[in-house]
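K.L.:
This is the structure I want to talk about, given as structure tokens.
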Amino acid sequence: MRITDFDLYRDLLKERSGLVLGQDKSYLLDSRLSPIARKWGYPTLDAMTDALRGVPDKDLVNDIVEAMTTNETSFFRDNKPFEMFKDVVLKYMKEGRTTRKELRIWCAAASSGQEPYSIAMILKEAAAQFPGWRFTIKATDISDQILNQAREGVYSQFEVQRGLPIQFLMKYFTQDEEKWRISNDIKAMVNYGNFNLLNDMATLGRFDVIFCRNVLIYFDEKTKASILERMGKQLESDGILFLGGAETVLGITDAFKPFPGQRGLYAQPGSVHLAQGGARGAGNTQQALA
Amino acid sequence: MKACLIVDDSRVVRKVARRIVEELGFECAEAEDGQQAFDACQASMPDAVLLDWNMPVMSGIEFLEKLRAVGGPKQPKVIFCTTENDMPHIQRAMQAGADEYVMKPFDSEIIKTKFSQIGLIE
Ligand SMILES: C[S@@+](CC[C@H](N)C(=O)[O-])C[C@H]1O[C@@H](n2cnc3c(N)ncnc32)[C@H](O)[C@@H]1O
Numbered sequence: 523m524r525i526t527d528f529d530l531y532r533d534l535l536k537e538r539s540g541l542v543l544g545q546d547k548s549y550l551l552d553s554r555l556s557p558i559a560r561k562w563g564y565p566t567l568d569a570m571t572d573a574l575r576g577v578p579d580k581d582l583v584n585d586i587v588e589a590m591t592t593n594e595t596s597f598f599r600d601n602k603p604f605e606m607f608k609d610v611v612l613k614y615m616k617e618g619r620t621t622r623k624e625l626r627i628w629c630a631a632a633s634s635g636q637e638p639y640s641i642a643m644i645l646k647e648a649a650a651q652f653p654g655w656r657f658t659i660k661a662t663d664i665s666d667q668i669l670n671q672a673r674e675g676v677y678s679q680f681e682v683q684r685g686l687p688i689q690f691l692m693k694y695f696t697q698d699e700e701k702w703r704i705s706n707d708i709k710a711m712v713n714y715g716n717f718n719l720l721n722d723m724a725t726l727g728r729f730d731v732i733f734c735r736n737v738l739i740y741f742d743e744k745t746k747a748s749i750l751e752r753m754g755k756q757l758e759s760d761g762i763l764f765l766g767g768a769e770t771v772l773g774i775t776d777a778f779k780p781f782p783g784q785r786g787l788y789a790q791p792g793s794v795h796l797a798q799g800g801a802r803g804a805g806n807t808q809q810a811l812a
Numbered sequence: 002m003k004a005c006l007i008v009d010d011s012r013v014v015r016k017v018a019r020r021i022v023e024e025l026g027f028e029c030a031e032a033e034d035g036q037q038a039f040d041a042c043q044a045s046m047p048d049a050v051l052l053d054w055n056m057p058v059m060s061g062i063e064f065l066e067k068l069r070a071v072g073g074p075k076q077p078k079v080i081f082c083t084t085e086n087d088m089p090h091i092q093r094a095m096q097a098g099a100d101e102y103v104m105k106p107f108d109s110e111i112i113k114t115k116f117s118q119i120g121l122i123e
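Have a look at this one:
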């Protein structure tokens, strides 16, 4: 690929999705965009690139952005955050929302649905302890293609083995030849929609818990900071943010602080979770460490 | 060190599984069928059993039923690892007292998360 072409794609991806494409990743452009060029009827990738320099078709740009995203995910990815969601976050919210009796969750990079469905299964299991409560899970992603897959809720044998306990497979899936289909009652708990994290978040409303896992890693520091700061405005003052294992707020923004004693969880400065070194109802290991 | 008994009639599968389970910090022994596995458990009860379903002499499910029937103070965690990949087999295994269920083909990531979820590691 010509250097100037690389720059075109790098700028386009940065602007449309936030993705930072290093020069070392230029081989990815060839392998992932050649099928797109074929789909759009261009004889070569260069021909598609030339067309993009003219008046770019919006759908073609979308296809390019989607082709360059990484959708890697799994049920109960890393396990621990989901245990903390169940043991720390739900416990706190149950005590802190006694009159409102509502829990609003946002999965901000939902990919093919494993993350929101994992949350839905946890909530379903806990339902008996939350009589009269309303749970909503808003699951968004930039890719329509991956969102359609999430809505389908059909997974391969390999996908249902990565992280999904067998009891949950038995309880919440039915077998459909070689595939496994998630049950309608779990599906009904998740509300999917397309949302680009670079866009204005105010229309989404406010949330008690936000999962934004394994997506910030693809962005530069400025984009990370901007997303986190805007997310802070959509989160209740005592809300909790989950980031991926390789992600942090430290050195990027002051909009969030690490949740005392719970790796991967973040709260807003001044929230009850940070006052006196820990949350009500949450295991406080911070003092033990001090 | 925790002990794991690997039960499969295929030497190749035992070898692959053994390498993965040893990597998780287990001392491994092998058995080629349910009867051999049962005898091994009588001699010394492991912490975990990775169990194939279809084997000569005694199947995995027969072994599991027999193992759970004799009871005893120390019962191992049993993880099926089989090409039987339909719901009736899974249900039957869990009813018989299995703790987890892996459908072949498997990889180290699957074995690792299953072991961790039933408390064998971490
Ligand atoms: C690696 S997956 C992470 C999935 C899941 N959160 C997890 O941790 O397993 C990253 C997802 O982020 C989405 N994504 C990338 N850029 C985005 C953007 N600007 N806005 C919204 N979603 C984006 C991708 O489409 C992809 O599905």
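Protein chains in written order, with the numbering used here: chain C, 523 to 812; chain D, 2 to 123. Positions of the beta carbon are idealized from the N, C-alpha and C atoms, including for glycine.
Which residues in the same chain as Y564 of chain C place their Cβ atom closer than 6 Å to its Cβ, once the five residues preceding and following it in sequence are excluded?
P.N.:
Translated into positions along the first sequence, residue 564 of chain C becomes position 42. Taken in chain order, the residues that qualify are M570.
K.L.:
How many whole angstroms separate the CB atoms of G540 of chain C and L726 of chain C, which I take to be in contact at a CB cut-off of 8 Å?
P.N.:
Here residue 540 of chain C corresponds to residue number 18 of the first sequence, with the count starting at 1. Here residue 726 of chain C corresponds to residue number 204 of the first sequence, with the count starting at 1. That pair is no contact at about 17 Å.
K.L.:
In angstroms with no decimal places, state the Cα-to-Cα distance between L555 of chain C and N593 of chain C.
P.N.:
In the first sequence, counting from the first residue as 1, residue 555 of chain C sits at position 33. In the first sequence, counting from the first residue as 1, residue 593 of chain C sits at position 71. Those two C-alpha atoms are separated by around 16 Å.
K.L.:
Could you list which residues in chain D have their beta carbon closer than 8 Å to that of E692 of chain C, in chain order?
P.N.:
Here residue 692 of chain C is taken as the residue at index 170 of the first sequence, counted from 1. Glu is not the amino acid found at residue 692 of chain C; the sequence shown has Met there. Residues of chain D passing the Cβ test: M88, I91, Q92 and M95.
K.L.:
Under 8 Å, do L121 of chain D and K78 of chain D count as touching if we go by C-beta distance?
P.N.:
Numbered from 1 along the second sequence, position 120 holds the residue referred to as residue 121 of chain D. Numbered from 1 along the second sequence, position 77 holds the residue referred to as residue 78 of chain D. Yes.
K.L.:
Counting contacts by CB-CB distance shorter than 8 Å, is T114 of chain D in contact with chain C?
P.N.:
To locate residue 114 of chain D, count along the second sequence from 1; it is residue 113. Output row for T114 of chain D: interface = yes.
K.L.:
Between which two residues does the alpha helix (DSSP H) harbouring Y614 of chain C extend?
P.N.:
Along the first sequence, read from residue 1 onward, the residue named residue 614 of chain C stands at position 92. From DSSP, the alpha helix (DSSP H) with Y614 of chain C extends over L612 to G618.
K.L.:
Measure the Cβ-Cβ separation of V14 of chain D and Q36 of chain D and say whether it is below 8 Å.
P.N.:
On the second sequence, residue 14 of chain D is found 13 positions in, with the first residue counted as 1. On the second sequence, residue 36 of chain D is found 35 positions in, with the first residue counted as 1. Not closer than 8 Å, so no.
K.L.:
So is the beta-carbon of Y740 of chain C under 7 Å away from any non-hydrogen atom of ligand 1?
P.N.:
Here residue 740 of chain C refers to the residue found at position 218 of the first sequence. Flag set: Cβ of Y740 of chain C near ligand 1.
K.L.:
When DSSP labels each residue in this structure, what does L25 of chain D get in the three-state scheme?
P.N.:
For the purposes of this step, residue 25 of chain D is taken as the residue at position 24 of the second sequence. In the structure shown, L25 of chain D sits in coil (DSSP, three-state: anything other than H, G, I, E or B).
K.L.:
Report yes or no: is there a C-beta of chain C within less than 8 Å of the C-beta of S60 of chain D?
P.N.:
As a working mapping, residue 60 of chain D is identified with position 59 in the second sequence. Not one chain C Cβ lies under 8 Å of S60 of chain D.
K.L.:
Check whether the Cβ of A603 of chain C lies closer than 8 Å to any Cβ atom in chain D.
P.N.:
Counted from its first residue, the first sequence places residue 603 of chain C at position 81. Rather than Ala, the amino acid found at residue 603 of chain C in this sequence is Pro. With 8 Å as the cut-off, P603 of chain C does not count as an interface residue toward chain D.
K.L.:
By how many angstroms is the C-alpha of V542 of chain C removed from the C-alpha of A589 of chain C?
P.N.:
Here residue 589 of chain C is taken as the residue at index 67 of the first sequence, counted from 1. Here residue 542 of chain C is taken as the residue at index 20 of the first sequence, counted from 1. So the two alpha carbons sit approximately 14 Å from each other.
K.L.:
From the DSSP output, in three-state form, read off F695 of chain C for me.
P.N.:
For the purposes of this step, residue 695 of chain C is identified with residue 173 of the first sequence, where counting begins at 1. Strand.
K.L.:
Closer than 7 Å to a non-hydrogen atom of ligand 1 - does that hold for the CB of A589 of chain C?
P.N.:
As a working mapping, residue 589 of chain C is identified with position 67 in the first sequence. Checking every heavy atom of ligand 1 against the Cβ of A589 of chain C, none is found closer than 7 Å.
K.L.:
Whole angstroms is fine: what's the gap from K480 of chain C's alpha carbon to I774 of chain C's?
P.N.:
Because chain C in this structure spans residues 523 to 812, residue 480 of chain C falls outside the shown range and cannot be described.
K.L.:
Quick check on D572 of chain C: does DSSP put it in helix, strand or coil?
P.N.:
Translated into the one-based positions of the first sequence, residue 572 of chain C becomes position 50. Here D572 of chain C sits in helix by DSSP.
K.L.:
Between L52 of chain D and L65 of chain D, how many whole angstroms is the CB-CB distance? I'm expecting something under 8 Å.
P.N.:
For the purposes of this step, residue 52 of chain D is taken as the residue at position 51 of the second sequence. For the purposes of this step, residue 65 of chain D is taken as the residue at position 64 of the second sequence. That belief holds up - the Cβ atoms of L52 of chain D and L65 of chain D are roughly 7 Å apart, short of 8 Å.
K.L.:
At 8 Å on the CB atoms, spell out the chain D contacts of Q679 of chain C, in chain order.
P.N.:
For the purposes of this step, residue 679 of chain C is taken as the residue at position 157 of the first sequence. Within 8 Å Cβ-Cβ: N86 and M104.
K.L.:
My output table needs one value for L52 of chain D: the three-state DSSP class, helix, strand or coil.
P.N.:
Reading the second sequence from its first residue, position 51 is the one you call residue 52 of chain D. Strand.
K.L.:
Would you decide whether D131 of chain D is buried or exposed? Buried here means 16 or more other CB atoms lie within 10 Å of its CB.
P.N.:
Residue 131 of chain D cannot be examined here, being either before or after the span of chain D that is shown, 2 to 123.
K.L.:
Taking its Cβ as the centre, do 16 or more other Cβ atoms sit within 10 Å of E605 of chain C, making it buried, or is it exposed?
P.N.:
Against the first sequence, residue 605 of chain C aligns to sequence position 83. With fewer than 16 other Cβ atoms within 10 Å, it is exposed.
K.L.:
Is E637 of chain C a contact residue of ligand 1, with contact defined as CB to any heavy atom under 7 Å?
P.N.:
Position 115 of the first sequence, counted from the first residue, corresponds to residue 637 of chain C. Indeed, a heavy atom of ligand 1 lies less than 7 Å from the Cβ.
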